[in-house]
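Data block below; observations after.
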Amino acid sequence: SLYYVFTVLFIYFTCISTVQTTDCPHLREQCIKAGNGCESVWNVVEDACNISVLGNRCKAEDTVGCNRIIQVLADKYPEFKNCVCTTDGICSITTLLGKWCSIDKENVSMETKLQWDLSALSKQAHTTNRSCLDVNRECIEDEVCNKQLSLYLKVCSVNKKCNVEGCQAAIRFFYRNMPFEVAQMMIFCDCIQSDESCHRAKQLLHGKPCAVTVVPPPSCLNVIHMCEENESCRKKYTTFRSKCWRHVTKKCYNNEACLETLIKDDMPCSANADCKAAYISNWGTMLHMECTCQNLPLVEQPLCELFHHMLHSKSCFS
């Protein structure tokens, strides 16, 4: 009978759906162990979609960016297609993980932090003015650091088309999960002008050019305004300003007319550990991107230069 046919079809498609949903966590495990680059894409997914934050229940702060990187995963590794994309073409993290999203999970961030405990680099005290070439070499020679650096560079490689959002997510994952002392060592390393090898190492460690350089570069005013429209970025910027530029926060808060009256010499930077941690937290966000004050109307120059000074001034950490 027709009823019987519909019943059989319903049971068939229910079973198919169940198998796909059950297979998705298994696919994730295979991906992590594959050693074919899938793990680096998955790590970016975890970061972009906020899975690696305990208890967040897969609520991405940037759902557009999350779903975009999910699509990259599905395109690059077609076996994930049934897990992330519904019949109407919508791809999302909740489709991938299903019930997994409704419970708190121990996550890859915790695993990564535990791995860093085994690293010899995590026992080193941070010293200033380290050569980026030396820092890069030490990282490569350290098993834990080299593994994490390799995952990050697979996403941000200069040899392929740059995926800005993917590279930024990889940078956030790389620096967020390492010990604070190691992050300082890498982020505050530098080079003498004539040392080309050192400058190449610095570019690799600092996500250049993929995550940092846009042509043409945005104005620093636009960077701040775009950041303030994004909840996640706004929180980071507020913390960075309060930890590093207390004088600015105390005197003007968000009043741009007030900010325009300030001069750089009247802006002491705290440069303490909290400030450095807030600055490191900016990496992998639009606040880390190179910006300019060229070609702006004269009336906008002072405020733009103030923002450039706050975001990119070396004086705060030298």
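Throughout the sequence shown, residue numbering follows mature numbering (1 follows the signal peptide of the UniProt record, and there is no 0), covering -21 to -1, 1 to 297 in sequence.
C-beta atoms are modelled at their ideal positions from N, C-alpha and C, and glycine is treated no differently.
- Close CB contacts of GLU279 within its chain, under the 7 Å cut and outside five residues either way in sequence, are with LEU200 (chain order).
- The straight-line gap separating the alpha-carbon atoms of LYS126 and MET289 is approximately 33 Å.
- Taking one beta carbon from each stretch, the region 105 to 114 and the region 6 to 19 have fewer than 3 pairs nearer than 8 Å; the two do not touch.
- When the Cα atoms are used, PRO57 and TRP262 turn out to be separated by approximately 31 Å.
- For the region 173 to 205, the continuous alpha helix (DSSP H) assignments of 4+ residues that do not extend past its boundaries occur at 175 to 184, in sequence order.
- The C-beta distance from CYS189 to VAL123 rounds to 24 Å, too long to fall under 8 Å, and the pair is not in contact.
- Under the three-state reduction of DSSP, SER211 is assigned to helix.
- Bridge partners of SER110 according to DSSP: ASP169.
- Per DSSP, the beta-bridge partners of THR271 are SER198.
- With fewer than 16 other Cβ atoms inside 10 Å of its own Cβ, GLN9 counts as exposed.
- In the same chain as ASN108, and ignoring 5 residues on each side of it, the C-beta atoms closer than 7 Å to its own belong to ASP169, in chain order.
- In the displayed model, TRP224 falls within coil according to three-state DSSP, outside both helix and strand.
- In the structure shown, THR217 adopts helical secondary structure according to DSSP, grouped into three states.
- With contacts defined by Cβ atoms closer than 9 Å, SER198 and CYS118 do not form a contacting pair.
- Contact between CYS206 and MET265 holds: CB atoms are separated by about 6 Å, below the 8 Å threshold.
- With respect to the 9 Å criterion, ASP174 and SER98 are not classified as neighbours on the basis of their beta carbons.
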